[in-house]
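Take a look at the structure set out below.
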Amino acid sequence: MGKEKERVTLKGMVKEIKGIERRLVQTLGDLREKIEKLKGERAELLDEIEELKRAGEEKASTLEKEVASLREEVESLKEMLGDLE
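Below is the structure:
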């Protein structure tokens with residue numbers, strides 16, 4: 446009876462190990478899928494960041510030109526007012 450009990454226990458352990466293996470394979474597959482999704486999302490976010498950087502640089506450049514133009518206008522007005530005194 447000792448050997449029978451040993452076999453039953455061994456069969457149970459083998460069955461349990463196979464169950465664990467199936468769950469691990471499933472978990473690994475889920476993790477791979479999640480990683481691929483995250484990589485895709487990361488790439489999209491990096492692209493969006495680059496677009497926003499370009500838009501910000503363009504806006505800053507436009508504002509710099511406007512400020513320079515306004516400074517010139519201020520100087521011009523000061524000169525005109527100075528000539529009137």
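Residue numbers (our numbering): 446 to 530. Virtual Cβ for every residue (Gly too), placed ideally from N, Cα, C.
What does the alpha-carbon distance come out to for the pair residue i and residue j?
| i | j | result |
| --- | --- | --- |
| V470 | S506 | 54 Å |
| G522 | D528 | The amino acid occupying residue 522 in the given sequence is Leu; Gly does not appear at that position. Distance between the alpha carbons of L522 and D528: 10 Å. |
| L455 | L473 | 26 Å |
| E520 | K498 | 33 Å |
| K479 | K504 | 37 Å |
| K484 | V459 | 37 Å |
| L515 | L508 | 10 Å |
| E502 | E493 | 14 Å |
Skipping 5 residues on each side, what residues in its chain have a beta carbon closer than 6 Å to that of residue i?
| i | result |
| --- | --- |
| M446 | Model confidence at M446 stands at a pLDDT of 49, short of 50, so the residue's coordinates are unreliable; what they give is reported in the following sentence. Nothing listed; no residue qualifies. |
Ignore the nearest five residues each way along the sequence and tell me which others in residue i's own chain have a CB closer than 8 Å to its CB.
| i | result |
| --- | --- |
| I465 | none |
| K510 | none |
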